[in-house]
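S.K.: Got a structure for you, questions after.
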Amino acid sequence: MDTFLQIVANGLMLGGLFAIVAVGLTLIFGIVKVINFAHGEFLMVGMYLSFLLSTGLDVHPYLTAAAVAPALFVLGALTQRLLIQPLMSARDEHVQIFATVGLSTALMNLALLIFGADIANTPAHGVRSQVMLGEVRILTGQLWVLAAAVALVIGLQLFMKKTRTGRAIRATAQNRAAARLMGINDKFIYILTFGIGAACVGLGSSLIAPLYPTSPTIGTYFVLIAFVCVVLGGLGSIPGAFFGALVIGLVDALSGFYIGSDLREAVVFTIFLLILILKPSGLFGTRMNLSHVSP
Amino acid sequence: MTRASDTPMTAHRLGLIAVAVLLAGLVAVPVAVGDQFVYHIFITICIFAALSTAWNIVGGYAGQLSLGHAIFYGIGGYAGVILVNLGISPWIGMFAGAAVAVVAAIVVSWPCFRLHGPFFALATIAFLEVFRVLALHFRELTGGATGLMIPLKIGWEWMVFRERLPALLIAFGMLLVCLAVAWAIRSHRLGFYLVATRERESAAKAAGVGTVKVRLMAVAVSAALSAMVGTFHAMYLTFIEPESMFSLQFSIQIAMFALIGGIGTVWGPLLGAMLLVPITEFARGALGSEAIGLHGFVYGVVLMLVVLFLPNGIMGLVHRFTAAPGKTVGEQAAPVAAAPRSAEPREAGREVMRVEGLQKHFGGLHVTNDVGFTLREGEILGVIGPNGAGKTTVFNMLSGFLKPDEGKVSVLSPSGEWQQPVTPGDFASIGVGRTFQIVQPFAAMTVEENIMVGAFHRHPHVGDAREAARETAHRMGLGPYLNAEASSLTIGGLKRLEVARVMAMEPRILLLDEVMAGINQTDVRRAVDLMLSIRDTGVSIIAIEHVMQAVMSLSDRVIVINSGQIIAQGDPHDVVRDAHVIEAYLGKDFTHA
Numbered sequence: 001m002d003t004f005l006q007i008v009a010n011g012l013m014l015g016g017l018f019a020i021v022a023v024g025l026t027l028i029f030g031i032v033k034v035i036n037f038a039h040g041e042f043l044m045v046g047m048y049l050s051f052l053l054s055t056g057l058d059v060h061p062y063l064t065a066a067a068v069a070p071a072l073f074v075l076g077a078l079t080q081r082l083l084i085q086p087l088m089s090a091r092d093e094h095v096q097i098f099a100t101v102g103l104s105t106a107l108m109n110l111a112l113l114i115f116g117a118d119i120a121n122t123p124a125h126g127v128r129s130q131v132m133l134g135e136v137r138i139l140t141g142q143l144w145v146l147a148a149a150v151a152l153v154i155g156l157q158l159f160m161k162k163t164r165t166g167r168a169i170r171a172t173a174q175n176r177a178a179a180r181l182m183g184i185n186d187k188f189i190y191i192l193t194f195g196i197g198a199a200c201v202g203l204g205s206s207l208i209a210p211l212y213p214t215s216p217t218i219g220t221y222f223v224l225i226a227f228v229c230v231v232l233g234g235l236g237s238i239p240g241a242f243f244g245a246l247v248i249g250l251v252d253a254l255s256g257f258y259i260g261s262d263l264r265e266a267v268v269f270t271i272f273l274l275i276l277i278l279k280p281s282g283l284f285g286t287r288m289n290l291s292h293v294s295p
Numbered sequence: 001m002t003r004a005s006d007t008p009m010t011a012h013r014l015g016l017i018a019v020a021v022l023l024a025g026l027v028a029v030p031v032a033v034g035d036q037f038v039y040h041i042f043i044t045i046c047i048f049a050a051l052s053t054a055w056n057i058v059g060g061y062a063g064q065l066s067l068g069h070a071i072f073y074g075i076g077g078y079a080g081v082i083l084v085n086l087g088i089s090p091w092i093g094m095f096a097g098a099a100v101a102v103v104a105a106i107v108v109s110w111p112c113f114r115l116h117g118p119f120f121a122l123a124t125i126a127f128l129e130v131f132r133v134l135a136l137h138f139r140e141l142t143g144g145a146t147g148l149m150i151p152l153k154i155g156w157e158w159m160v161f162r163e164r165l166p167a168l169l170i171a172f173g174m175l176l177v178c179l180a181v182a183w184a185i186r187s188h189r190l191g192f193y194l195v196a197t198r199e200r201e202s203a204a205k206a207a208g209v210g211t212v213k214v215r216l217m218a219v220a221v222s223a224a225l226s227a228m229v230g231t232f233h234a235m236y237l238t239f240i241e242p243e244s245m246f247s248l249q250f251s252i253q254i255a256m257f258a259l260i261g262g263i264g265t266v267w268g269p270l271l272g273a274m275l276l277v278p279i280t281e282f283a284r285g286a287l288g289s290e291a292i293g294l295h296g297f298v299y300g301v302v303l304m305l306v307v308l309f310l311p312n313g314i315m316g317l318v319h320r321f322t323a324a325p326g327k328t329v330g331e332q333a334a335p336v337a338a339a340p341r342s343a344e345p346r347e348a349g350r351e352v353m354r355v356e357g358l359q360k361h362f363g364g365l366h367v368t369n370d371v372g373f374t375l376r377e378g379e380i381l382g383v384i385g386p387n388g389a390g391k392t393t394v395f396n397m398l399s400g401f402l403k404p405d406e407g408k409v410s411v412l413s414p415s416g417e418w419q420q421p422v423t424p425g426d427f428a429s430i431g432v433g434r435t436f437q438i439v440q441p442f443a444a445m446t447v448e449e450n451i452m453v454g455a456f457h458r459h460p461h462v463g464d465a466r467e468a469a470r471e472t473a474h475r476m477g478l479g480p481y482l483n484a485e486a487s488s489l490t491i492g493g494l495k496r497l498e499v500a501r502v503m504a505m506e507p508r509i510l511l512l513d514e515v516m517a518g519i520n521q522t523d524v525r526r527a528v529d530l531m532l533s534i535r536d537t538g539v540s541i542i543a544i545e546h547v548m549q550a551v552m553s554l555s556d557r558v559i560v561i562n563s564g565q566i567i568a569q570g571d572p573h574d575v576v577r578d579a580h581v582i583e584a585y586l587g588k589d590f591t592h593a
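Residue numbers (the UniProt record's numbering), protein chains in the order written: chain A, 1 to 295; chain B, 1 to 593.
Next comes the structure, spelled out in structure tokens:
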């Protein structure tokens, strides 16, 4: 029983980690209607920034979020302005897909060029110490990640529901043309949203950096899992992505123990395929206007 | 040369000569230079060009963006190496690999066809990950993470050589096979069907294209070719492991070459690989481990630049310079060669379609309520009714696009039996053709190619279909636009193209959904003549129409639908005086007007 509880706890902690990566991805998809294949590389860039800042200035990696999140906001906003915006009206879908695939390839290999294939260990500053919750051992850093993910989801929901800008963002997502008629600057909204989505993963990267060694390819692993969480929770839904991430975290931990640690990914991706094929709107998804991206 | 027809013969020939020179160079250059490293670069070019050409059949022609094509390459590689270790020649192993890859391709693709664009891409990535994880897991078969070596058996029989020349010849041969297959598909019916399905799936279905079948064929061919190249590449590398055989980056590269060269064109993938592979290999050879990541960085940047500034790739650039100076498409349309209308009202023939008790609900909305009627041979049946009355829903049930909740649609087959078709394909093959209210041209195809998609229904050979399409185009007054891109037509032209495509199918029953909406007076008159001339050839027509002038002068009989029910039917002049009809259109106050 202790082992089971420990596995469940590990799964939830892992879920928190996936959630903080997935939230930005689903936000960008829900509003801009673009699947950002470079999202994992955004995470990787954030983790390297966190590593460089915390080792260079000898500060706690969490403090670097103050610089990393704004930096990622700029990266995201520039991506939208320079790469996605010129392609928004493209007739063929493949153009947008290859645009972010190209960005992903370029960023990953740039990191390889600069940092080499070796891993970079961000100093832990105590977040890898364990705490006992009853019978269960957990890393403090994992608890912080989960807490941050919850705070981020609630914060984003409040922002989207209660603020003027948030309402403008939702209106643009619902109907771009009508939003423009209401005087909303849709191009600005898309740039802002892409920036916020990237800043979310920037925040996440400062929290993840002390827990995971940073490498140029770290993003690929996380982004593929994040896609699974996002689709599971219903594309574009922020709370959906959060709960999807918890489910996938649990599946990952349980299948790793009961089926075999080398087959965890096979289980996760099989679930992903089943959801995509059988229920593309996701487990918690509400129907949304995807007319131009799905059948 | 996908658009051979719209470039002058000389440009076409120049293109073929250029391709021949490029291909000859792939063998001649390394032989002339004689350097091992140059050989290696050219072998790699051939392998990537072949893989990219195979990918293009699915990713380009069919428009299914696979980012998991390494699945098939990896299956081919593993099949080859595993069999070689059992003492079986890779020449046999590559066919075994191809067979497994075809099965895998069908299993992977079939459920994914309902996914579009980025979702299809994500699903293929997920399948690739599953294959990679399974290859790592089943160590007894694949050697797991440690990988598999091939035994050092040298000779043609084992595809392993001391010199590089034989390897180059095999790689070059495989490239030629892939190019030949890609060219053959693109220039035959299958290629037209694939592009049509990519551009407008529903219109392709209405034209009788088995959209799932043609895509499965494309995927199967593409997978088999990829697997065969994979077998050879594994022999060439002498060592394989799951991380390199089932690699996402590798899959992306394959797709990238096609995109950069020109997605959906026959020669684009070849050009893309010839341009980019040398960059990789030189970076690797000249800079060594210093430059790890450099080629990938260049690839990524080139990909973004191409997408932004050259979305049709190198082939797009080539076309811009070689294409004949664009004929300015004249504004005035050619007259429709309509037969003069016979003065006598024709006698309606036997029944050809029976519609009985159709019911359809969308959620709580009762959109079709007990609709039933019959259609006779050589009759024009007008269907009118206010907006939202459910006319198009009825049409969708008469052509297999919607399944009625209750009721049935029976069609008299050419052999004289009553049949009940179910799918759009069934309706098309029994001779029911339809148009769409919102025009659905295959935008990336020329007018002629659009009509050919319909003509293939009766004429499986390209030459015959082209001839039939031209004939139909002239009848529809589209003769001057044969080589224009469909997307360049005016709305009136598009409506006529819509009719032309279905006419080329030589249907016995024609369903026309508002072909006159939004077109000008001249075009309306022309369309009326056109429909009468079609009717006079013995075709039965059901036409949804709002343009009353057209309905009155065309229809032998009229059905009025309101709120999903037939509220009146009969002679057009009687129906418009019917009180229910006036009420439906104008409200109760006007019933005595």
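Just so you know, even glycine gets a beta-carbon here, dropped at the ideal spot from N, CA and C.
For chain B, check one thing: does any of its Cβ atoms lie closer than 8 Å to the Cβ of A/Asp58?
M.R.: On the first sequence, residue 58 of chain A is found 58 positions in, with the first residue counted as 1. No, no contact with chain B.
S.K.: Tell whether a beta-carbon distance below 8 Å holds between A/Ile218 and A/Met13.
M.R.: On the first sequence, residue 218 of chain A is found 218 positions in, with the first residue counted as 1. On the first sequence, residue 13 of chain A is found 13 positions in, with the first residue counted as 1. No, the Cβ-Cβ distance between A/Ile218 and A/Met13 is not below 8 Å.
S.K.: For A/Val101, decide whether its Cβ has a neighbour in chain B, counting only Cβ atoms nearer than 8 Å.
M.R.: Residue 101 of chain A sits at position 101 when you count from the first residue of the first sequence. Answer yes: the Cβ-Cβ gap between A/Val101 and chain B drops below 8 Å somewhere.
S.K.: Starting from B/Phe72, follow the alpha helix (DSSP H) in both directions and report where the run begins and ends.
M.R.: Residue 72 of chain B sits at position 72 when you count from the first residue of the second sequence. Run containing B/Phe72: 70-85, per the alpha helix (DSSP H) assignment.
S.K.: Sorted by chain position, which residues of the same chain lie with C-beta nearer than 7 Å to B/Ala473's C-beta, five sequence neighbours on each side aside?
M.R.: Start at 1 with the first residue of the second sequence, and residue 473 of chain B comes out as number 473. Result list for B/Ala473: Val447, Glu448, Ile451, Gly479, Leu482, Ala500, in chain order.
S.K.: For A/Pro123, tell me which candidate among A/Ala66, A/Ala209, A/Thr100, A/Pro70 has the shortest Cα-Cα distance.
M.R.: Within the first sequence, numbered from 1, the residue matching residue 123 of chain A stands at position 123. The residue with the shortest Cα to Cα distance from A/Pro123 is A/Ala209.
S.K.: Counting C-beta neighbours from all protein chains within 10 Å, is the total for B/His461 16 or more, i.e. buried, or is it exposed?
M.R.: As a first step, residue 461 of chain B must be located in the second sequence, where it is residue number 461. Exposed, because fewer than 16 other Cβ atoms sit within 10 Å of the Cβ of B/His461.
S.K.: How about the stretch 506-526 of chain B and the stretch 558-572 of chain B: do they share at least three Cβ pairs that are nearer than 8 Å?
M.R.: Touching, no.
S.K.: If you follow the beta strand (DSSP E) that B/Asp513 is in, where does it begin and where does it stop?
M.R.: Walking along the second sequence from the start, residue 513 of chain B turns up at place 513. B/Asp513 -> beta strand (DSSP E) spans 509-513.
S.K.: For the alpha helix (DSSP H) holding A/Arg167, just list the boundary residues, first then last.
M.R.: For the purposes of this step, residue 167 of chain A is taken as residue 167 along the first sequence, with counting starting at 1. 164-174 is the span of the alpha helix (DSSP H), which, as asked, contains A/Arg167.
S.K.: Is the separation between the beta-carbon of B/Tyr61 and that of B/Gly363 shorter than 8 Å?
M.R.: Counted from its first residue, the second sequence places residue 61 of chain B at position 61. Counted from its first residue, the second sequence places residue 363 of chain B at position 363. Their beta carbons are not under 8 Å apart, which means B/Tyr61 does not touch B/Gly363 by this criterion.
S.K.: Below 7 Å CB to CB, which residues in the same chain sit around B/Gly316 once its five sequence neighbours on both sides are set aside?
M.R.: The residue labelled residue 316 of chain B in the question sits at position 316 within the second sequence. Excluding residues within five positions, the ones whose Cβ falls inside 7 Å are Gly262, Leu310.
S.K.: Please state the DSSP three-state secondary structure of A/Leu17.
M.R.: The residue given as residue 17 of chain A occupies position 17 in the first sequence. Looking at A/Leu17 - three-state DSSP - the assignment turns out to be helix.
S.K.: Taking 8 Å as the CB-CB cut-off, is B/Gln293 touching chain A?
M.R.: Position 293 of the second sequence, counting from 1, holds the residue named residue 293 of chain B. Just to set this straight, residue 293 of chain B is Gly in the shown sequence, not Gln. Closer than 8 Å to some Cβ of chain A, the Cβ of B/Gly293 qualifies, so yes.
S.K.: I want to verify the contact list: residues of chain A whose CB lies under 7 Å from the CB of B/Ala123, in sequence order.
M.R.: Working through the second sequence from its first residue, we reach residue 123 of chain B at position 123. In chain order: Leu273, Leu276.
S.K.: From the DSSP output, read off the bridge partner residues of B/Ser540.
M.R.: As a first step, residue 540 of chain B is located in the second sequence; it is residue number 540 there, counting from the start. DSSP output for B/Ser540 lists B/Ile509 as bridge partner(s).
S.K.: Could you list the residues in the stretch 251-264 of chain A with a C-beta less than 9 Å from some C-beta on chain B, going in chain order?
M.R.: Against chain B - using a Cβ distance shorter than 9 Å - the residues of the stretch 251-264 of chain A are Gly260, Asp262, Leu263, Arg264.
S.K.: What does B/Leu65 reach in chain A if we use C-beta pairs closer than 9 Å?
M.R.: Here residue 65 of chain B is taken as the residue at index 65 of the second sequence, counted from 1. What B/Leu65 touches in chain A: Glu93, His94, Ile97, Phe98.
S.K.: Give me the subset of the stretch 29-59 of chain A whose CB atoms are less than 7 Å from a CB atom of chain B, sorted by chain position.
M.R.: Within the stretch 29-59 of chain A, the residues whose Cβ lies closer than 7 Å to some Cβ of chain B are Ile35, listed in chain order.
S.K.: Mark B/Met397 as exposed unless 16 or more other C-beta atoms lie within 10 angstroms of its C-beta, in which case mark it buried.
M.R.: Translated into the one-based positions of the second sequence, residue 397 of chain B becomes position 397. Per the 10 Å Cβ criterion, buried.
S.K.: Check the Cβ-Cβ distances between A/Phe227 and every residue of chain B, and say whether any is below 8 Å.
M.R.: Sequence index remark: in the first sequence, residue 227 of chain A carries index 227 (1-based). Yes, because at least one Cβ of chain B sits closer than 8 Å to the Cβ of A/Phe227.
S.K.: Could you list the residues in the stretch 166-195 of chain A with a C-beta less than 8 Å from some C-beta on chain B, going in chain order?
M.R.: Residues passing the 8 Å Cβ filter: none.
S.K.: Taking DSSP as the reference, what is the three-state secondary structure of B/Arg577?
M.R.: Against the second sequence, residue 577 of chain B aligns to sequence position 577. B/Arg577 falls in the coil class under three-state DSSP.
S.K.: Assess contact between the stretch 425-435 of chain B and the stretch 197-215 of chain B, defined as three or more Cβ pairs (one per stretch) separated by less than 8 Å. Is contact present?
M.R.: Cβ pair count under 8 Å is three or more, so yes.
S.K.: Any idea if B/Met1 is buried or exposed, counting beta-carbon neighbours within 10 angstroms, 16 or more meaning buried?
M.R.: In the second sequence, counting from the first residue as 1, residue 1 of chain B sits at position 1. Caution is warranted here: a pLDDT of 40 is assigned to B/Met1, below 50, making its placement in the model unreliable, and the coordinate value is therefore given only provisionally. That one is buried.
S.K.: Considering just the uninterrupted stretch of the beta strand (DSSP E) at B/Gly296, what are its terminal residues?
M.R.: The residue given as residue 296 of chain B occupies position 296 in the second sequence. From DSSP, B/Gly296 is part of no beta strand (DSSP E) but of the alpha helix (DSSP H) over 294-309.
S.K.: With DSSP collapsed to three states, give me the class of B/Ala465.
M.R.: Your numbering for residue 465 of chain B matches position 465 in the second sequence. Correct three-state label for B/Ala465: helix.
S.K.: Judging by CA-CA distance, which residue of B/Leu65, B/Ile519, B/Trp110 is the nearest neighbour of A/Leu278?
M.R.: Numbered from its first residue, the first sequence carries residue 278 of chain A at position 278. When only C-alpha atoms are compared, the closest one is B/Trp110.
S.K.: Under 9 Å Cβ-Cβ, which residues of chain B neighbour A/Ala149?
M.R.: Position 149 of the first sequence, counted from the start, is the residue given in the question as residue 149 of chain A. Result: empty, since nearest Cβ-Cβ is about 23 Å, beyond 9 Å.
S.K.: B/Ala550: which of B/Ala468, B/Ala527, B/Asp536, B/Gly564 sits nearest, CA to CA?
M.R.: The residue given as residue 550 of chain B occupies position 550 in the second sequence. Of B/Ala468, B/Ala527, B/Asp536, B/Gly564, the residue nearest in Cα terms is B/Ala527.
S.K.: Would B/Phe119 pass as an interface residue toward chain A - the criterion being a Cβ-Cβ separation below 8 Å?
M.R.: Translated into the one-based positions of the second sequence, residue 119 of chain B becomes position 119. So yes, B/Phe119 belongs to the interface.
S.K.: By how many angstroms is the C-alpha of A/Val230 removed from the C-alpha of A/Thr26?
M.R.: Residue numbering aside, residue 26 of chain A sits at position 26 when the first sequence is read from its first letter. Residue numbering aside, residue 230 of chain A sits at position 230 when the first sequence is read from its first letter. Taking the straight line joining both Cα atoms gives about 6 Å.
S.K.: Does the structure place the stretch 267-285 of chain B close enough to the stretch 24-42 of chain B that three or more beta carbon pairs sit under 8 Å?
M.R.: Enough Cβ pairs lie closer than 8 Å, so yes.
S.K.: Using CA coordinates, which residue listed in B/Val409, B/Ile292, B/Ala105 is at the minimum distance from B/Pro421?
M.R.: Here residue 421 of chain B refers to the residue found at position 421 of the second sequence. Minimum Cα distance to B/Pro421 is reached at B/Val409.
S.K.: Buried or exposed, going by whether 16 or more other CB atoms sit within 10 Å of the CB of B/His580?
M.R.: Counting from 1 along the second sequence, the entry for residue 580 of chain B is found at position 580. That one is exposed.
S.K.: How long is the line joining the alpha carbons of B/Gly59 and B/Ala389, rounded to whole angstroms?
M.R.: Within the second sequence, the letter at position 59 stands for residue 59 of chain B. Within the second sequence, the letter at position 389 stands for residue 389 of chain B. Rounded to the nearest angstrom, the two C-alpha atoms are 40 Å apart.
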